[in-house]
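Numbering (the working numbering), first residue to last: 64 to 303.
Ideal placement from N, C-alpha and C gives every residue a C-beta, glycine not left out.
This one's a predicted model, so the numbers in the text were calculated from it and none came from an experiment.
A short write-up of the structure that comes next.
In structure tokens form, the structure reads like this:
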């Protein structure tokens with residue numbers, strides 16, 4: 064077991080079972096100090112200070128669609144604003160899930176489960192997740208075009224509007240066709256309108272060309288208005 068299970072990540076009973084270690088034997092190993100029980104069915108080696116990457120890859124095998132999203136993904140693509148060493152990780156996934164205490168006690172993080180995109184097929188969903196340079200194989204993060212919409216979805220709630228705008232200003236040369244396809248299947252009127260508004264102000268893309276080539280869900284012809292948690296009144300026109 065000690066030679067075949069790699070260090071640097073938690074492991075579960077399925078991994079141990081493949082080596083002939085039953086749940087009862089794993090429990091005895093934990094009682095004897097050979098293993099550390101992190102949660103029911105989840106173990107690690109003593110003194111194995113595993114990193115966030117190993118822990119995330121472990122969770123990815125358990126949670127459909129789990130990936131680094133929003134501003135965490137943007138940071139991996141070089142879009143940062145006052146990024147602290149203990150910045151909270153933003154994780155997205157396709158199923159309801161509560162991050163385990165063994166993970167959040169080591170790595171400050173929050174999990175988002177929302178139907179932000181009405182995917183036309185599985186191809187686009189998969190094509191907008193990538194392994195950024197410097198990350199281990201299998202680690203998934205949103206491409207920057209998807210990450211910015213995930214961030215805008217949370218703007219004014221979990222994500223401050225000021226920081227969201229500062230990060231938006233850091234976008235450089237987004238892929239227009241991919242961006243148009245993502246916007247066309249984005250279900251959040253706020254995220255779409257906020258993108259169009261800031262895109263006009265920053266000229267990061269040609270908004271009129273985008274609207275001419277893609278049918279976007281912008282809601283009614285009236286302004287979208289909402290009072291944010293900090294008291295700010297957000298007012299967005301349909302087409303930016």
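### Task
Please state if the CB of residue 179 and the CB of residue 250 are separated by a distance shorter than 8 Å.
yes
### Query
At what residues does the beta strand (DSSP E) containing residue 227 begin and finish?
Unbroken run through residue 227 is the alpha helix (DSSP H), 224-231; no beta strand (DSSP E).
### Span separating the alpha-carbon of residue 189 from that of residue 95
43 Å
### Message
Going by the DSSP bridge assignment, what does residue 304 pair with across the sheet?
### Response
Because the chain is modelled from 64 through 303, residue 304 falls outside the range shown and cannot be assessed.
### Query
So who's on the other strand from residue 174, going by DSSP bridges?
154
### Residue from 66, 273, 255 whose Cα sits closest to the Cα of residue 215
255
### Task
Please classify residue 214: does DSSP put it in a helix, a strand, or coil?
helix
### Query
Closest to residue 108 by CA distance: which of 134, 98, 239, 167 is it?
Of 134, 98, 239, 167, the residue nearest in Cα terms is 98.
### Query
How far does the beta strand (DSSP E) with residue 165 in it reach, from first residue to last?
That residue, residue 165, is in no beta strand (DSSP E); its alpha helix (DSSP H) goes 164-167.
### Query
Does the separation of the CB atoms of residue 293 and residue 265 fall below 8 Å?
Taking 8 Å as the Cβ cut-off, residue 293 and residue 265 do not qualify as a contacting pair.
### Query
By Cβ distance, which residues of its chain are closer than 8 Å to residue 130, with the 5 residues on each side in sequence left out?
123, 136, 154, 155, 156, 192, 203, 204, 205
### Message
So, for residue 172: in the same chain, excluding its five sequence neighbours on each side, which residues have a beta-carbon less than 8 Å away from its beta-carbon?
### Response
151, 152, 153, 154, 162, 166
### Message
So for residue 74, helix, strand or coil by DSSP?
### Response
strand
#### Entry: Coarse secondary structure for residue 97, derived from DSSP in three states
Three-state DSSP puts residue 97 in coil, outside helix and strand.
### Query
Are residue 118 and residue 170 touching if we call contact CB-CB under 8 Å?
It is a contact, given that the beta carbons lie within the stated cut-off.
### Message
Using C-beta distances below 7 Å, list every residue in its chain close to residue 238, excluding the 5 sequence neighbours before and after it, in chain order.
### Response
208
### Message
Quick check: the Cα distance between residue 257 and residue 246, rounded to an integer number of angstroms?
### Response
11 Å
### Message
As a quick exercise: from 270, 291, 302, pick the residue whose alpha carbon is nearest that of residue 285.
### Response
302
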